[in-house]
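Peer 1: Sending over a structure as structure tokens; questions will come in a sec.
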Amino acid sequence: LYDFVQLSPESRNYKGIAISLLVIVAVCSLITMSVFVLTPVELPGAANSRLTVLDLFKPEFSVHDPEARWISDSEVLYRNRDGHVIKFNFALNETEMILRNSTFVSFKVAKYSLSPDMKYVLFSLTFLEVWELNPPEVQNAVLQHAAWGVKGQQLIYIFENNIYYQSDVQSNSLRITSSGEEGVIFNGIADWLYEEEILQSHIAHWLSPDGERLAFLMINDTLVPTMFLPRFTGSPYPRSQEYPYPKAGQPNPTVRLLVVNLYGPTHTQELVPPDGLRGREHYVSMVKWISNTHAAVRWLNRPQNVSFLTVCDATVGSCVQKHEEASDLWLTRQNQKPVFSKDRSRFFLTIPVKQGGQGDFHHIAMFTKSFRSDQNDVRHLTSGNWEVTKILAYDEGEQTIYFISTQDSPQKRHVYSASTIGLFSQRCLTCEMNQEACAFFDADISPNKQHVILQCKGKVCAFSFWISFSQIQLYVVKPNLFWVIYETCIFFLTELPLKLTYPLDFSESLLYGLLLIVDGGPGSQSVSDEYELGWDSVLVSSDEVIVARLDGRGTGFRGLRVLQQVHQRLGTVDVQDQIAALDYLMTLPYIDRARIGIYGKGYGAYLTLMLLRSTALIKCAAANSPVVDWKLYASAFSERYFGLTSKNDNRYQVSRVLPNMKGLQGNMMKGPQGPDFLLIHGTADANVHFQHSAELIKHLIKIGANYTMQVRLYPDEGHFLSLQSQKHLSESLVGYFRTCFQDFSTPLPEEIGKEDDD
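Residues in the sequence shown are numbered from 23 upward in steps of one, following our numbering.
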């Protein structure tokens, strides 16, 4: 902790300070949307220069996240690119420096958080403690989590899976729980499964709006089998870290949702699941306080095809069901937080709504309490063959709902408003902005619903600006690195988007290598206007390579019909779509059929291996942390798409990578130099265990596979590599595909003629 009184920060009026370089952050009125450009900056990399791997890790190419957030109706707190923490009052057009970057440098701060009363800052440090937050019985403790509460100087922190509370920074710690046990009982913090697959956050506790009650999960992993992550370096003998990891069909953690009073006599109340799940295996996938005494909770059964949204009274523990959702396949968006009116008589959710013959798309439904029965009246505020991706806020005074959707295009994200009365008229608030500059937005609406922080994530992110009331045109500076086109392909009677990235000096008279990037799993999206710059961009810029990405069946944001075609058949229709894309790309006259590569990570690496079994088009491939058997993967993920192993074991068997791997011998061409196949894995990967790659290598040896394989192991590294290892891997991937494409390059006709003359 750091006391601001000791800082004596100098107040300044920084009018017009840019708060990002590659990510645009804006503060604007929801009524008017004109733009004032502050610092247009051209990216390095003009037409006569080439991008390198080293460039990717330079500050001018990195995305700066200002972590902007509202601290009042008219004030925003953010960190500028120089590292200073700034408070900006846009009503007065004044800025104040709250914390200098020198403080971050001195203490080697990884993250920071300001107290609600703006008097203290909480630092997450690399090794130095500024203020002791140790539990009273332990000295020099390493905390699992620490954060401010909702008012004053409240503090919540977790040590050894137990929750501690302080009403202010000077008060003694109050131990809220005592049942915590490392690797067994988790109080207020998620175990691996809940963090990765259910809550998608390590935080499993929630303070009420008045700060008087704390809801938290007690996750019990007593019966869950454990995995061991080996640690090979740093000591004479290897060590290992043990942690609970339920695989498909294995015992899952049990969960209880509890609420404790933080003021007055300590009393813990359990919130009871609905009758349909009581006594059955289930998850708690969402908790949100909607008043000082009531919380919205979503309960989900283990197969993830039935869920209940309830409103629970924290004073007595009773829960009233508000909405039930069921599917013959699997349910989506189970982390979604409903938006409630202040009196709780009305709430909003996105739910699948049938759109004629096009299938179901997620749209906003308004649930209003019926005075005639216990049921809710449901009205659909949006409709069409597009999806609402997020509900931002509900303005009760104006009777307006704000949201983000794909109405303009599945690859775009714009901010919209819709009336909750009458004809539900809609308005796009960001579409009139120059879409050549930005067509992919996220947003954070102010507490009084009058202003918004906009975060632009693409297309062109080479300048910063505040959106204000002044009438000034938007000025666009385009980076000169490569150019991108989008196509819509029809494969297997389904429209699928294809994204192609070309060298800046592309010519149809030349031949280019092709790299197919296979990303993500079910519900993901690779083809969008979101800005990206990675190692593959180096190949485009410097090696005359075209990069392709296809969103096949099973990907998201184009309705449930496209998404759920992979139900119980991962690795089938999604593989067919990628092969169809390769077949189409082979018809382009400038694609060199002898130089076709493919790369994927995680689920993408799984598809990469399945593709190698199925087509002879691919000349070189790289698989990063591949899954080879879904029975070896996390229960919540595998069971979501295949069902329980006891009922669908055959589906799991069909989806395995290892059968028919012998086909690789015929499909992969071995070049005169360099490997045909690159396998990458961190040995301490807690997500996709190295066990998968070990099973793959062992199987290839067993069947006598005779093609060349190169392995890149990253000792003691996880699913996401350290910065140093990221640089090494980027260099390795660029070098691998560069060598492969050179070995297999097809000479141009004029070059063949020269050889004949010689």
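For each residue, glycine too, the CB sits at the ideal point set by N, CA and C.
Because the structure is a prediction, the values reported are computed rather than measured.
1. Cα-Cα, which of Ser195, Trp214, Ala727 is closest to Glu204?
2. So if DSSP puts Trp170 in a beta bridge, which residue, or which two residues, is it bridged to?
3. Taking Gly704 as part of the beta strand (DSSP E), name the residues at either end of that continuous run.
4. Please classify Pro287 as buried or exposed, where buried requires at least 16 neighbouring CB atoms within 10 angstroms.
5. Locate the alpha helix (DSSP H) running through Thr125, then write down its first and last residues.
6. How far does the alpha helix (DSSP H) with Ile220 in it extend, from its first residue to its last?
7. Considering just the uninterrupted stretch of the beta strand (DSSP E) at Arg575, what are its terminal residues?
8. Could you spell out the range, first to last residue, of the alpha helix (DSSP H) harbouring Ile640?
9. Grouping DSSP H, G and I as helix and E and B as strand, with all else coil, what is Tyr655?
10. Following the continuous beta strand (DSSP E) through Arg449, name the residue where it begins and the one where it ends.
11. At the level of alpha carbons, what is the spacing between Pro697 and Thr730?
12. Measuring only the C-alpha atoms, how far is Leu29 from Glu661?
13. Buried or exposed: Leu43, going by 16 or more other Cβ atoms within 10 Å of its Cβ?
14. Are Gln166 and Tyr187 closer than 9 Å when you measure CB to CB?
15. Using the three-state DSSP reduction, which class does Phe664 fall into: helix, strand or coil?
16. Does DSSP put Asp765 in a helix, in a strand, or in coil?
17. Do Met632 and Val597 have their beta-carbon atoms positioned less than 9 Å apart in this structure?
18. On the CB-based measure, 16 or more other CB atoms within 10 Å of its CB, does Glu218 come out buried or exposed?
19. Exposed or buried, Val127, counting other C-beta atoms within 10 Å across all chains shown (16 or more means buried)?
20. With distances taken Cα to Cα, identify the nearest neighbour of Ser668 among Pro273, Arg101, Asp551.
21. Does DSSP put Phe79 in a helix, a strand or coil?
22. The alpha helix (DSSP H) spanning His714 covers which residue range?
23. Which residues does DSSP pair with Arg253 in a beta bridge?
24. In whole angstroms, what separates the C-alpha of Val560 from that of Asp738?
25. Beta-carbon separation of His703 and Val733 under 9 Å?
26. Suppose the cutoff is 6 Å on Cβ atoms and the five residues either side in sequence are ignored; what does the same chain contact list for Gly271 look like?
27. Does Thr199 come out as helix, strand or coil in the three-state DSSP assignment?
28. Tell me Ser441's beta-bridge partners as DSSP assigns them.
29. Can you tell me which of the three DSSP states Glu118 falls into?
30. Closer than 8 Å to a non-hydrogen atom of the ligand NAP - does that hold for the CB of Leu582?
31. In terms of alpha-carbon separation, which member of Phe579, Tyr100, Arg91 lies closest to Arg122?
32. Going by DSSP in three states, Trp557 sits in which element: helix, strand or coil?
33. Less than 9 Å between CB atoms is the rule here; does Phe514 satisfy it with respect to chain D?
34. Enumerate in chain order the residues of its own chain whose CB-to-CB distance from Tyr421 is below 7 Å, with the five nearest sequence positions on each side excluded.
35. Assign Gln397 to one of two classes, buried (16 or more other C-beta atoms within 10 Å of its C-beta) or exposed (fewer than that).
36. Where do the N-terminal and C-terminal ends of the alpha helix (DSSP H) with Asp738 fall, by residue?
Peer 2: In brief:
1. Along the sequence shown, read from residue 1 onward, the residue named residue 204 stands at position 182. The option with the nearest alpha carbon to Glu204 is Trp214.
2. Looking up residue 170 in the sequence shown gives position 148. DSSP output for Trp170 lists Leu177 as bridge partner(s).
3. To locate residue 704, count along the sequence shown from 1; it is residue 682. Unbroken beta strand (DSSP E) run through Gly704: 699–704.
4. In the sequence shown, the residue the question calls residue 287 occupies position 265. By the 10 Å Cβ count, Pro287 comes out exposed.
5. The residue labelled residue 125 in the question sits at position 103 within the sequence shown. Note, Thr125: alpha helix (DSSP H), 123–129.
6. For the purposes of this step, residue 220 is identified with residue 198 of the sequence shown, where counting begins at 1. It is not in any alpha helix (DSSP H) - Ile220 carries neither H nor E in the DSSP assignment.
7. Numbered from 1 along the sequence shown, position 553 holds the residue referred to as residue 575. First-last for Arg575: undefined, no H or E at that position.
8. Locating residue 640 in the sequence shown gives position 618, where the first residue counts as 1. Neither: Ile640 is in no alpha helix (DSSP H) and is coded neither H nor E.
9. The residue you call residue 655 lines up with position 633 of the sequence shown. The answer is coil: DSSP assigns Tyr655 none of H, G, I, E or B.
10. The residue given as residue 449 occupies position 427 in the sequence shown. That run of the beta strand (DSSP E) goes 448–450.
11. Looking up residue 697 in the sequence shown gives position 675. Looking up residue 730 in the sequence shown gives position 708. At Pro697, the pLDDT of 43 sits below 50, so the modelled position is not reliable; the number obtained from the coordinates is stated separately. Spanning the two alpha carbons is a distance of roughly 5 Å.
12. In the sequence shown, counting from the first residue as 1, residue 29 sits at position 7. In the sequence shown, counting from the first residue as 1, residue 661 sits at position 639. Low confidence applies here, because Leu29 scores a pLDDT of 39, under 50, leaving its location unreliable and the question unanswered by this model.
13. By 1-based counting over the sequence shown, the position of residue 43 is 21. In this prediction, Leu43 has a pLDDT of 23, which is less than 50 and means its spatial position is unreliable; what the coordinates show is noted afterwards. Buried, by the Cβ-count rule.
14. Translated into the one-based positions of the sequence shown, residue 166 becomes position 144. Translated into the one-based positions of the sequence shown, residue 187 becomes position 165. No, the Cβ-Cβ distance between Gln166 and Tyr187 is not below 9 Å.
15. Looking up residue 664 in the sequence shown gives position 642. In the structure shown, Phe664 sits in a helix (DSSP, three-state: H, G or I).
16. Taking the first residue of the sequence shown as position 1, residue 765 is located at position 743. Looking at Asp765 - three-state DSSP - the assignment turns out to be helix.
17. Residue mapping note: residue 597 aligns to position 575 of the sequence shown, counting from 1. Residue mapping note: residue 632 aligns to position 610 of the sequence shown, counting from 1. Yes, the Cβ-Cβ distance between Val597 and Met632 is below 9 Å.
18. Walking along the sequence shown from the start, residue 218 turns up at place 196. By the 10 Å Cβ count, Glu218 comes out buried.
19. Locating residue 127 in the sequence shown gives position 105, where the first residue counts as 1. Val127 comes out exposed.
20. Taking the first residue of the sequence shown as position 1, residue 668 is located at position 646. Checked all of Pro273, Arg101, Asp551; the closest Cα to Ser668 is Pro273.
21. Locating residue 79 in the sequence shown gives position 57, where the first residue counts as 1. The answer is coil: DSSP assigns Phe79 none of H, G, I, E or B.
22. For the purposes of this step, residue 714 is taken as residue 692 along the sequence shown, with counting starting at 1. Here the alpha helix (DSSP H) through His714 covers 712–724.
23. Reading the sequence shown from its first residue, position 231 is the one you call residue 253. Its beta-bridge partners are Arg261.
24. Here residue 560 corresponds to residue number 538 of the sequence shown, with the count starting at 1. Here residue 738 corresponds to residue number 716 of the sequence shown, with the count starting at 1. Straight-line Cα distance between these residues: approximately 27 Å.
25. Counting from one through the sequence shown, the residue named residue 703 turns up at place 681. Counting from one through the sequence shown, the residue named residue 733 turns up at place 711. Yes, the pair counts as a contact, with Cβ atoms nearer than the cut-off.
26. Position 249 of the sequence shown, counted from the first residue, corresponds to residue 271. Result list for Gly271: Thr667, in chain order.
27. In the sequence shown, residue 199 corresponds to position 177, counting from 1. Thr199 falls in the coil class under three-state DSSP.
28. Sequence index remark: in the sequence shown, residue 441 carries index 419 (1-based). Paired residues: Thr422.
29. Within the sequence shown, numbered from 1, the residue matching residue 118 stands at position 96. Looking at Glu118 - three-state DSSP - the assignment turns out to be strand.
30. Absent from the structure shown: the ligand NAP. Ligands present: none.
31. Here residue 122 corresponds to residue number 100 of the sequence shown, with the count starting at 1. Comparing Cα-Cα distances from Arg122 to each of Phe579, Tyr100, Arg91, the minimum goes to Tyr100.
32. The count along the sequence shown starts at 1 and reaches residue 557 at position 535. In the structure shown, Trp557 sits in a helix (DSSP, three-state: H, G or I).
33. The structure shown contains no chain D; it holds only a single protein chain.
34. Here residue 421 corresponds to residue number 399 of the sequence shown, with the count starting at 1. Sequence check: residue 421 is Gln here, not Tyr. Counting only Cβ-Cβ distances below 7 Å, and skipping sequence neighbours, we find Ser441, Thr442, Ile443.
35. Against the sequence shown, residue 397 aligns to sequence position 375. That one is exposed.
36. One-based indexing of the sequence shown puts residue 738 at position 716. Run containing Asp738: none; DSSP gives neither H nor E here.
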